[in-house]
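Asks:
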Amino acid sequence: MPDCKQHQDKSTSNLEVATALITLDKVPNDWIVTLYFYTALHLVEKKLADKAIHSETHSIRFRNIRQHLRTIFIEYQALYNESLEARYNCTEMTPGKVNNAKQNLDSITQKLSS
(Lines of atoms letter the chains of each structure in order from A; the text may use other names.)
(Lines give C-alpha, C1' and ligand atoms only; values in the text may rest on other atoms or scores of the structure.)
Protein backbone atom coordinates (compact mmCIF):
# COMPACT_ATOMS: atom_id res chain seq x y z
CA MET A 140 0.00 0.00 0.00
CA PRO A 141 1.27 3.51 -0.76
CA ASP A 142 2.31 5.64 2.19
CA CYS A 143 1.26 9.21 3.01
CA LYS A 144 4.09 10.79 0.99
CA GLN A 145 3.32 8.70 -2.09
CA HIS A 146 -0.35 9.69 -1.93
CA GLN A 147 0.61 13.36 -1.49
CA ASP A 148 3.01 13.19 -4.43
CA LYS A 149 0.39 11.58 -6.67
CA SER A 150 -2.22 14.14 -5.62
CA THR A 151 0.18 16.99 -6.38
CA SER A 152 1.11 15.48 -9.74
CA ASN A 153 -2.55 15.05 -10.75
CA LEU A 154 -3.34 18.65 -9.87
CA GLU A 155 -0.28 19.92 -11.78
CA VAL A 156 -1.40 18.04 -14.90
CA ALA A 157 -4.95 19.42 -14.58
CA THR A 158 -3.57 22.94 -14.19
CA ALA A 159 -1.39 22.51 -17.29
CA LEU A 160 -4.32 21.18 -19.35
CA ILE A 161 -6.41 24.25 -18.53
CA THR A 162 -3.92 26.38 -20.47
CA LEU A 163 -4.43 24.52 -23.76
CA ASP A 164 -6.33 26.12 -26.64
CA LYS A 165 -8.78 23.22 -26.69
CA VAL A 166 -9.33 22.41 -23.03
CA PRO A 167 -10.04 18.69 -22.39
CA ASN A 168 -12.60 19.28 -19.64
CA ASP A 169 -13.34 15.57 -19.22
CA TRP A 170 -9.72 14.93 -18.27
CA ILE A 171 -9.58 17.93 -15.96
CA VAL A 172 -12.63 16.70 -14.01
CA THR A 173 -11.12 13.20 -13.88
CA LEU A 174 -7.80 14.57 -12.62
CA TYR A 175 -9.58 16.63 -9.96
CA PHE A 176 -11.29 13.45 -8.77
CA TYR A 177 -8.03 11.50 -8.61
CA THR A 178 -6.38 14.42 -6.83
CA ALA A 179 -9.10 14.15 -4.18
CA LEU A 180 -8.83 10.36 -4.05
CA HIS A 181 -5.14 10.56 -3.14
CA LEU A 182 -5.79 13.29 -0.57
CA VAL A 183 -8.37 10.98 1.03
CA GLU A 184 -6.01 8.01 0.95
CA LYS A 185 -3.24 10.14 2.46
CA LYS A 186 -5.50 11.14 5.35
CA LEU A 187 -6.66 7.55 5.85
CA ALA A 188 -3.08 6.25 5.69
CA ASP A 189 -2.32 8.52 8.67
CA LYS A 190 -4.69 6.22 10.58
CA ALA A 191 -3.28 3.02 8.99
CA ILE A 192 -6.46 2.65 6.91
CA HIS A 193 -6.22 1.77 3.23
CA SER A 194 -8.98 1.43 0.64
CA GLU A 195 -8.58 -1.17 -2.08
CA THR A 196 -11.77 -0.28 -3.98
CA HIS A 197 -14.03 2.71 -4.49
CA SER A 198 -16.78 1.10 -2.41
CA ILE A 199 -14.40 0.49 0.50
CA ARG A 200 -13.16 4.07 0.16
CA PHE A 201 -16.72 5.41 0.35
CA ARG A 202 -17.29 3.35 3.49
CA ASN A 203 -14.05 4.68 4.99
CA ILE A 204 -15.02 8.25 4.13
CA ARG A 205 -18.43 7.81 5.78
CA GLN A 206 -16.77 6.37 8.89
CA HIS A 207 -13.71 8.59 9.22
CA LEU A 208 -14.04 11.68 6.98
CA ARG A 209 -17.77 12.45 7.00
CA THR A 210 -17.35 16.16 6.36
CA ILE A 211 -16.12 15.58 2.80
CA PHE A 212 -18.58 12.87 1.75
CA ILE A 213 -20.89 15.08 -0.35
CA GLU A 214 -18.08 16.81 -2.23
CA TYR A 215 -16.20 13.56 -2.80
CA GLN A 216 -19.30 11.79 -4.08
CA ALA A 217 -20.02 14.68 -6.46
CA LEU A 218 -16.46 14.51 -7.86
CA TYR A 219 -16.70 10.73 -8.20
CA ASN A 220 -20.02 10.95 -10.05
CA GLU A 221 -18.81 13.67 -12.44
CA SER A 222 -15.66 11.71 -13.24
CA LEU A 223 -17.78 8.65 -14.03
CA GLU A 224 -19.97 10.76 -16.31
CA ALA A 225 -16.88 12.12 -18.07
CA ARG A 226 -15.10 8.78 -18.40
CA TYR A 227 -17.86 6.30 -19.15
CA ASN A 228 -20.94 8.17 -20.35
CA CYS A 229 -19.10 10.69 -22.55
CA THR A 230 -21.10 13.46 -20.87
CA GLU A 231 -19.91 16.89 -21.94
CA MET A 232 -17.99 18.54 -19.14
CA THR A 233 -18.89 22.20 -19.50
CA PRO A 234 -16.78 24.97 -17.98
CA GLY A 235 -19.44 25.19 -15.26
CA LYS A 236 -19.01 21.51 -14.40
CA VAL A 237 -15.24 21.96 -14.31
CA ASN A 238 -15.68 24.93 -11.97
CA ASN A 239 -17.99 22.92 -9.69
CA ALA A 240 -15.49 20.07 -9.64
CA LYS A 241 -12.69 22.48 -8.69
CA GLN A 242 -14.83 23.95 -5.91
CA ASN A 243 -15.49 20.45 -4.57
CA LEU A 244 -11.78 19.65 -4.70
CA ASP A 245 -10.90 22.92 -2.96
CA SER A 246 -13.44 22.18 -0.22
CA ILE A 247 -12.05 18.67 0.28
CA THR A 248 -8.49 20.02 0.37
CA GLN A 249 -9.42 22.64 2.95
CA LYS A 250 -11.38 20.24 5.17
CA LEU A 251 -8.66 17.58 5.12
CA SER A 252 -5.94 20.08 5.96
CA SER A 253 -7.68 21.30 9.12
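Position one of the sequence shown corresponds to residue 140 (this note's numbering), numbered consecutively onward.
Glycine included, C-beta positions come from ideal geometry on N, C-alpha and C.
1. List the endpoints of the continuous alpha helix (DSSP H) containing residue 234.
2. Compute the Euclidean distance between the alpha carbons of residue 140 and residue 238, then round it to the nearest angstrom.
3. With C-beta atoms as the reference, is residue 163 less than 8 Å away from residue 178?
4. Using a C-beta cutoff of 8 Å, does residue 165 count as contacting chain D?
5. Leaving aside the five residues before and after residue 212 along the sequence, list all residues of the same chain whose C-beta is less than 7 Å from its C-beta, in chain order.
6. Is there contact between the stretch 190-202 and the stretch 159-173, where contact requires at least three CB pairs shorter than 8 Å?
7. Can you give the Cα-Cα distance for residue 221 and residue 240, rounded to whole angstroms?
8. Between 214, 144, 249 and 248, which lies nearest to residue 188 when the distance is taken from Cα to Cα?
9. Determine the contact status of residue 214 and residue 246, defining contact as a CB-CB distance below 8 Å.
10. If you draw a straight line from the C-alpha of residue 151 to the C-alpha of residue 159, how long is it?
Replies: So, to answer that:
1. 234-252
2. 32 Å
3. no
4. This model lacks chain D altogether, as it is built from one protein chain only.
5. Closer than 7 Å at the Cβ level, and outside the excluded window around residue 212, lie 204 and 205.
6. no
7. Those two C-alpha atoms are separated by around 8 Å.
8. 144
9. Going by beta carbons, residue 214 and residue 246 fall inside the 8 Å limit.
10. 12 Å
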